[in-house]
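Read through the structure below, which is laid out as structure tokens, and then see the notes.
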Amino acid sequence: MGFSELLGTIGGMGRFQFLLTALMSIPGILFVCHTILLNFTGVVPEHHCQLQNHTSPESPLLGDGRDGTLRVYIPMDKAGKPEMCLRFTEPQWQLLNANVTEEARPATEDCLDGWVYDKSVSSSSIVTEWDLVCEWKSLKYVAQIIYMGGQQAGTVMFGILSDRLGRRTMLLWSSLMATITGTCTALMPSFAGYVIFQFLTGAGTMGLLLTSNCLTLEWTPTGKRIFVNACNTYAFTIGQIVVAAWAYLVQEWRWLQFSISIACGIIVLFSLVLPESACWLITHNKLHTAMKSLQKVAWINGHKEEGRKLTPEGIMSHIQEDLTTVKPTSHLRDLYRTPGICKITLSVLFAWLSRGFSFYGLVLDLQKFGFSIYLVQVLFALIDFPARLLTAISLSYMGRRFTLIFCTVFSGLMTLIGIFVPQDLTALRMTLSVLGKGGLAGAISSDFLYTLELYPTEIRQIGMSVGVFASRVGSLLAPVVFIIGIYIPILQPLLFGIVPLLSAIAISFRIETRGLPLLDTIQETENRIKKAQSLKGNVSKDVQEGPAFLLPEMSPAESTV
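Heads up: the sequence shown runs through residues 41 to 601, numbered per the working numbering.
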């Protein structure tokens with residue numbers, strides 16, 4: 041018997057597991073809120089140079105410039121709107137005369153006295169706070185890069201600390217860190233202080249996401265993991281809707297940052313009373329503490345008597361079988377030790393990197409469509425519901441490889457087609473981007489399952505971790521492309537469309553795993569790959585007939601992925 045059977049004796053997927061799953065959706069929701077928060081705190085309103093000898097921060101002249109005297113001070117662009125980064129060195133009163141033709145463009149200069157912003161879209165943002173426009177507009181994306189860098193650091197730091205100090209312990213400290221540093225971010229008087237605390241907040245939010253997922257999975261019986269995984273996945277979708285509604289209600293950027301950060305305190309409160317992962321306690325030889333955690337869960341599930349019967353020796357007898365299936369000395373080099381595993385690893389790395397790169401390339405630049413940013417955010421979230429459902433059906437009937445390649449190619453094509461759509465057809469451009477984001481959502485769902493099935497037990501955990509790490513690298517690169525796109529606009533949609541197509545080529549070298557049992561050793565996986573190659577990728581003889589709607593069962597030892 042394994043740990044899953046031990047959970048069954050104290051109630052299986054009982055009240056505690058359902059309560060834990062519900063509570064642990066909160067970290068996923070708040071993680072997404074923080075990650076795409078800059079869409080709202082970094083809104084770039086229409087603006088023009090502050091007029092000479094004009095000290096008021098408000099300007100009744102902001103508009104197309106044809107109804108007032110703004111054109112006397114500010115040159116107009118081709119669309120008849122005020123230039124955002126230039127002003128005349130001297131007032132050009134002759135331009136008020138409609139009959140005057142401009143023979144030569146008057147001398148202009150940069151905005152030496154600051155800018156005037158249209159606050160009808162957003163009452164405030166970090167852009168208006170620190171004038172992140174014109175030659176400084178790339179600093180907005182620098183802030184996003186630094187935040188993503190914090191998430192990358194959090195992936196490594198909290199992954200190691202969680203294994204050493206415990207899941208619940210690090211959930212408590214990471215949520216406390218996210219609460220404090222996020223609150224400090226909202227209070228920073230300077231941009232430098234803001235980005236420093238953004239980095240720390242990114243590390244904290246990634247820590248609470250990783251530890252909450254791990255803790256939930258380790259308390260979940262094997263047969264219910266697909267249900268719990270679905271709940272965790274849809275928490276991200278709900279988070280995208282929540283942040284749009286939140287930002288609509290709280291439009292002052294400091295209060296928005298503050299309120300979302302304070303909400304992380306909810307995780308601090310309930311993590312104080314959560315039991316530590318019994319699986320982690322047992323593997324660290326803390327049997328008496330594990331027994332108390334299991335008895336607490338049994339009491340919540342209404343199996344108090346079964347909990348009383350638990351003994352340290354009995355608990356160890358359940359988990360011993362699981363412990364023997366895991367190679368205790370797995371290393372990163374094992375992912376490249378054999379040709380077949382090396383090919384899988386290279387494919388996984390590029391696929392996950394491209395997913396993170398293109399996903400954040402779409403969801404972090406919503407203001408370009410010109411519609412209400414709150415509406416656009418909701419549409420980008422709602423597409424996930426049908427996309428993930430269709431992906432689950434396709435995974436069951438069409439297989440992992442076909443589904444993942446289709447979702448990836450579909451997303452890339454939608455992005456590339458958008459390049460040829462005229463700028464004035466904003467609704468069509470937005471529709472293509474929403475469809476592309478839906479394809480990426482399906483690809484992410486597919487690769488979570490596919491990656492688990494490709495790797496054997498002894499390196500499955502480290503293989504998944506490397507994939508997630510590559511995804512964070514991709515998310516870090518996306519804002520870099522935004523900065524380059526300021527100077528080369530075509531590069532942004534081109535890269536976000538081409539990279540998924542290239543990753544589809546890498547995915548095509550994988551073997552199909554639908555209906556195949558999970559393997560335990562590298563050698564078994566290598567033999568399967570060789571057999572697939574000899575059959576030219578056709579492993580249908582090993583595939584079970586009928587749809588495989590659920591994730592194949594994994595031993596609890598794999599549940600820390």
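Where is the CB? At the ideal position from N, CA and C, for every residue including glycine.
Rounded separation between residue i and residue j - CA only
{"i": "isoleucine 278", "j": "serine 574", "result": "45 Å"}
{"i": "serine 387", "j": "alanine 546", "result": "5 Å"}
{"i": "glycine 439", "j": "lysine 264", "result": "21 Å"}
{"i": "threonine 553", "j": "lysine 383", "result": "15 Å"}
{"i": "glycine 380", "j": "phenylalanine 549", "result": "10 Å"}
{"i": "glycine 537", "j": "valine 449", "result": "9 Å"}
{"i": "leucine 63", "j": "serine 317", "result": "15 Å"}
{"i": "alanine 284", "j": "leucine 201", "result": "33 Å"}
{"i": "leucine 535", "j": "leucine 240", "result": "29 Å"}
{"i": "leucine 60", "j": "isoleucine 340", "result": "11 Å"}
{"i": "tryptophan 286", "j": "glutamine 297", "result": "10 Å"}
{"i": "leucine 152", "j": "threonine 223", "result": "33 Å"}
{"i": "cysteine 447", "j": "phenylalanine 488", "result": "14 Å"}
{"i": "cysteine 319", "j": "histidine 328", "result": "12 Å"}
{"i": "glutamate 175", "j": "glutamine 463", "result": "24 Å"}
{"i": "glutamine 92", "j": "arginine 294", "result": "30 Å"}
{"i": "proline 261", "j": "glycine 342", "result": "17 Å"}
Bridge-paired residues (DSSP) for residue i
{"i": "arginine 127", "result": "Glu149"}
{"i": "valine 156", "result": "His88"}
{"i": "proline 122", "result": "Met116"}
Interface flag, residue i vs chain B, CB-CB below 8 Å
{"i": "phenylalanine 460", "result": "Protein chains in the displayed structure number just one, and chain B is not present."}
Contacts around residue i, its chain only, beta-carbon distance under 7 Å, and the 5 residues preceding and following it disregarded
{"i": "isoleucine 69", "result": "Ala275, Ile278, Gly279 and Val282"}
{"i": "tryptophan 133", "result": "Val112"}
{"i": "serine 511", "result": "Trp392, Leu393, Arg395 and Gly396"}
{"i": "glutamine 238", "result": "Ala183, Ile186, Tyr187, Gly190 and Thr225"}
{"i": "leucine 516", "result": "Ile185, Met188, Gly189 and Gln192"}
{"i": "threonine 221", "result": "Phe237, Leu240, Thr241 and Gly244"}
{"i": "valine 474", "result": "Leu419, Phe420 and Ile423"}
{"i": "isoleucine 457", "result": "Leu472"}
CB contact flag (residue i, residue j, <8 Å)
{"i": "serine 543", "j": "leucine 480", "result": "no"}
{"i": "isoleucine 433", "j": "histidine 74", "result": "no"}
{"i": "leucine 249", "j": "phenylalanine 71", "result": "yes"}
{"i": "threonine 431", "j": "threonine 443", "result": "yes"}
{"i": "leucine 375", "j": "isoleucine 502", "result": "yes"}
{"i": "alanine 470", "j": "phenylalanine 409", "result": "In the sequence as presented, alanine is not what sits at residue 470; that position holds methionine. Closer than 8 Å, so yes."}
{"i": "leucine 541", "j": "glycine 452", "result": "yes"}
{"i": "threonine 351", "j": "isoleucine 562", "result": "no"}
{"i": "proline 519", "j": "leucine 404", "result": "yes"}
{"i": "serine 17", "j": "leucine 321", "result": "No answer is possible for residue 17: it lies beyond the span of the chain, which begins at 41 and ends at 601."}
{"i": "isoleucine 307", "j": "proline 529", "result": "no"}
{"i": "phenylalanine 425", "j": "threonine 466", "result": "no"}
{"i": "methionine 246", "j": "glycine 194", "result": "yes"}
{"i": "leucine 211", "j": "threonine 251", "result": "yes"}
{"i": "leucine 178", "j": "isoleucine 499", "result": "It is worth fixing the name first, because residue 178 is serine in this sequence and not leucine. Going by C-beta atoms, serine 178 is not nearer than 8 Å to isoleucine 499."}
{"i": "serine 485", "j": "threonine 273", "result": "yes"}
{"i": "serine 215", "j": "phenylalanine 198", "result": "no"}
Same chain only: Cβ atoms within 6 Å of residue i, ignoring 5 sequence neighbours per side
{"i": "glutamine 407", "result": "Ile413"}
{"i": "serine 230", "result": "none"}
{"i": "valine 235", "result": "Ala183 and Ile186"}
{"i": "glycine 478", "result": "Ile423 and Ala427"}
{"i": "valine 513", "result": "Leu393"}
{"i": "glycine 305", "result": "Thr219"}
{"i": "leucine 33", "result": "Residue 33 is absent from the model: the chain starts at 41 and stops at 601."}
{"i": "isoleucine 459", "result": "Pro533"}
{"i": "tryptophan 170", "result": "Phe231"}
Spatial neighbours of residue i in its chain, beta-carbon cut-off 8 Å, leaving aside the 5 residues before and after
{"i": "glycine 577", "result": "Any reading at glycine 577 must be qualified, since the residue scores a pLDDT of 44, below 50, and its modelled position is unreliable; the value itself is stated next. Hits under 8 Å: Ile551 and Glu552."}
{"i": "valine 173", "result": "Val84, His87, Met124, Cys125, Trp155 and Val167"}
{"i": "valine 461", "result": "Leu468, Arg469 and Leu472"}
{"i": "glutamate 130", "result": "Pro146 and Ala147"}
{"i": "leucine 372", "result": "Ile502 and Val506"}
{"i": "lysine 180", "result": "Leu78, Gly82, Val84, Ile166, Val167 and Leu172"}
*Between the segment 54-73 and the segment 108-122, are three or more C-beta pairs nearer than 8 Å?*
no
*Kindly confirm or deny that the segment 413-429 and the segment 560-569 touch, where touching means at least three C-beta pairs closer than 8 Å.*
no
*Three or more beta-carbon pairs under 8 Å between the segment 150-168 and the segment 74-83, yes or no?*
yes
*Any chance the segment 190-208 sits against the segment 153-160, with 3 or more Cβ pairs inside 8 Å?*
no
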